[in-house]
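Numbering-wise, this note's numbering comes out as the position in the sequence shown, counting from 1, plus 280. All residues carry an ideal CB built from backbone N, CA and C; glycine is no exception.
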Amino acid sequence: MMLMTLPLLAQENIASPYSFFGVGTTQFKGTTENRSMGGLNVLQDSTQVNFFNPASLAGIKNTIFTIGGSYDSANISSTTNTGKASSGILNYAAVAFPMGKFGIGAGLMPYSSVGFRLEDQVSSTVSRKYGGSGGVNKLFINGGYQVTDELALGMELAHHFGNIGINIHQQTDGVQFTTTEIDRSKVKGTEVNFGAHYKTKLKNKLTLQASFIYDFGSTLTSENESVVYINKPQLIATSADTLRPVTPDTEMKIAKKVSFGLGIGDMNKWFAGISYDASNRSGFGTRFLNVSNISYGKANKFSLGGYFIPNKYSFGKYWKRVTYRAGLRFENTGMIVNGIQIVDFGTSFGIGLPMRNPRDPFSSFNFGVDIGKKGTTTEGLAKENYVNFHVGFTLNHRWFIKKKYN
281 MMLMTLPLLA
291 QENIASPYSF
301 FGVGTTQFKG
311 TTENRSMGGL
321 NVLQDSTQVN
331 FFNPASLAGI
341 KNTIFTIGGS
351 YDSANISSTT
361 NTGKASSGIL
371 NYAAVAFPMG
381 KFGIGAGLMP
391 YSSVGFRLED
401 QVSSTVSRKY
411 GGSGGVNKLF
421 INGGYQVTDE
431 LALGMELAHH
441 FGNIGINIHQ
451 QTDGVQFTTT
461 EIDRSKVKGT
471 EVNFGAHYKT
481 KLKNKLTLQA
491 SFIYDFGSTL
501 TSENESVVYI
511 NKPQLIATSA
521 DTLRPVTPDT
531 EMKIAKKVSF
541 GLGIGDMNKW
551 FAGISYDASN
561 RSGFGTRFLN
571 VSNISYGKAN
581 KFSLGGYFIP
591 NKYSFGKYWK
601 RVTYRAGLRF
611 ENTGMIVNGI
621 QIVDFGTSFG
631 IGLPMRNPRD
641 PFSSFNFGVD
651 IGKKGTTTEG
661 LAKENYVNFH
671 VGFTLNHRWF
681 IKKKYN
C-alpha cells in the first residue's frame, strides 16, 4: 500500500497526518519554560524541574509542583488540498522535592499522540479513508544525587501505556458493499535513562553548565485487535457481517538516544545554551499497516535558546522581574516517506510571570508560543505550518520546615 499521496482532509481536533505512523507523533518532553527556549535541555535551576535530565533534580531547593498544557493549531497542505487542524492536550503534571543531596521527582506526561483523517486513492476504482486517535502516556519516577559541588548524577524509570485506534473505510466503484476495518492497540513498556549534569562558577558572576543524557531505549509491546465489517445496504441486510482476522501482537522499538548540552550565563540575569540529541530509529515500525513507502533512519535535533531577566530583585517595577525567553529548533525526525526526510523547524518565544506575593518569589506562570513548519508538499506529502500556544504553572514551596517564633 502506498500512503501519503495525501489528498488531505484534516479537520478540527486532528493533530497531524504524520501521526499515522508508528505510535504517533512524539510529544515534547520538557516544561513550558524549556519549550519557550527552543527545547533547550541543559539548564539546571533550583526553582524549576528539568524533565530531560534527572540529574538536575539534585539542585532543587524547594518542593516544586508543575503542570502545563498546550493548544496546537496548524494549516496543512498537499499539492491537491488544504485543511486546518487543532488539538489541545495536558503536557505534564509533576512534583519534585529535595532530600539533602538527593532530589526526587515523579509525574505523568503524554509520550505520543495519534490524530488524523486521511484519504488515499489506491487505484482508479478503490479509495480508502483513514481515521486515528489515541496515544501513549508516560508515568515516571526519577532522582538525582549531588556527587560533588559541581557534578550531579541521576536516573529515570518510566512506564509507557496507552491505547491507539485506527479505522479504515474502503469504497470500490461498481461494488455494492463497502468495508470498514477497526484496529485497536493496547501499548505498554518500560524505559530507563541516565543523566549527568556539571555546573561550575566562572569569573564575573558567570556560571557554566554542561549536560549529558543517555536513554537506553525500550521495546513497546502492542496487544492488537481487529474487526472488519462488510457494510450491506438495508435492502439486503439489517446489520453488517463481521469478520475477525487473526492479528498477532507486535513489538515496536524506542531508539536509544544520546544528548549533549552546554550553556553559560549570569543566572540571575541571563542564560544562553545549545543542546544536541541523536538517535537511530531504523528498528522502528508500524502496528497494523503494511506501508511500503516509509522507513526510519538517524534522527537528530539542535536547540539554541536562553532567557533574560531585566532585574530579578526589583520591588518597584514588576515587569523587570519577568523572565523573557526565546529559542530556535531544527529537528530531523528520522522518518523517511517517499524517499523524503521529514524535518521540523521552529522558533519559540515565552515569558515567565513571577507571583506578586513577596513570600512566594519563585513561583510563576509561564506562557509561550511555537511557530514553525514540518514536512513538505513534494512527492505527494503534506506540509504543516503550525502555531502552538503553551502555558504552565510552577509552584515553589518550602515544606516540612519548623517555624520559630521569638
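- Around the beta-carbon of serine 296, 16 or more other beta-carbon atoms lie within 10 Å, marking it buried.
- Straight across, the Cα-Cα distance linking lysine 418 with aspartate 453 is about 44 Å.
- In the same chain as lysine 581, and ignoring 5 residues on each side of it, the C-beta atoms closer than 6 Å to its own belong to Asp557, Glu611, in chain order.
- Rounded to the nearest whole angstrom, the C-alpha separation of glutamate 531 and isoleucine 510 is 29 Å.
- In the structure shown, glycine 304 falls within a coil segment according to DSSP collapsed to helix, strand and coil.
- Contact annotation, glycine 411 with arginine 397: C-beta distance approximately 5 Å; criterion of less than 8 Å satisfied.
- Contact between leucine 500 and isoleucine 462 does not hold, since the beta-carbon distance rounds to 21 Å and is not under 8 Å.
- Rounded to the nearest whole angstrom, the CA to CA distance from threonine 459 to valine 507 is 10 Å.
- In terms of Cβ geometry, serine 555 and lysine 537 do not form a close pair [threshold 9 Å].
- Taking a C-beta distance under 9 Å as the contact criterion, glycine 672 and phenylalanine 645 qualify as a contact pair.
- Where threonine 312 is concerned, the enclosing alpha helix (DSSP H) starts and stops at 312 to 315.
- When DSSP states are grouped into helix, strand and coil, leucine 488 belongs to the strand group.
- Alanine 365 has its alpha-carbon roughly 14 Å from the corresponding atom of phenylalanine 669.
- Taking the CA atoms as reference points, tyrosine 372 sits about 20 Å from isoleucine 444.
- When Thr603, Ser643, Ile446 are compared, the shortest CA-CA separation from serine 299 is found for Ile446.
- When C-alpha distances from phenylalanine 474 are compared across Gly586, Phe492, Pro590, Val649, the shortest belongs to Phe492.
- As a beta-bridge residue in DSSP terms, leucine 431 pairs with Tyr478.
- In terms of Cβ geometry, phenylalanine 625 and glycine 652 form a close pair [threshold 9 Å].
- In the DSSP assignment, the residues bridged to proline 378 are Gly383.
- Here asparagine 676 is buried, its C-beta having at least 16 other C-beta atoms within 10 Å.
- Under the 8 Å Cβ criterion, the segment 652 to 664 counts as touching the segment 617 to 624, having at least three qualifying pairs.
- Excluding its 5 nearest sequence neighbours in each direction, lysine 409 has C-beta neighbours in its own chain below 6 Å: Glu399, His449, listed in chain order.
- Within the DSSP bridge table, the entry for alanine 535 names no partner.
- Counting only runs of at least 3 residues, the segment 543 to 616 fully encloses the following beta strand (DSSP E) elements, listed from N- to C-terminal order: 550 to 560, 574 to 576, 578 to 588.
- With a threshold of 16 other beta carbon atoms within 10 Å, aspartate 650 meets it and is buried.
- Of the residues assessed, glutamine 307 falls on the buried side of the cut-off, its CB having 16 or more other CB atoms within 10 angstroms.
- With fewer than 16 other CB atoms across the displayed protein chains lying within 10 angstroms of its CB, glutamine 456 is exposed.
- Residue pairing of serine 403 in beta bridges, as defined by DSSP: absent, with no partner found.
- A straight line joining the alpha-carbon of glycine 385 with that of tyrosine 351 spans about 26 Å.
- DSSP links aspartate 463 through a beta bridge to Ile446, Ser506.
- Collapsing the DSSP output to three states places alanine 338 in a helix.
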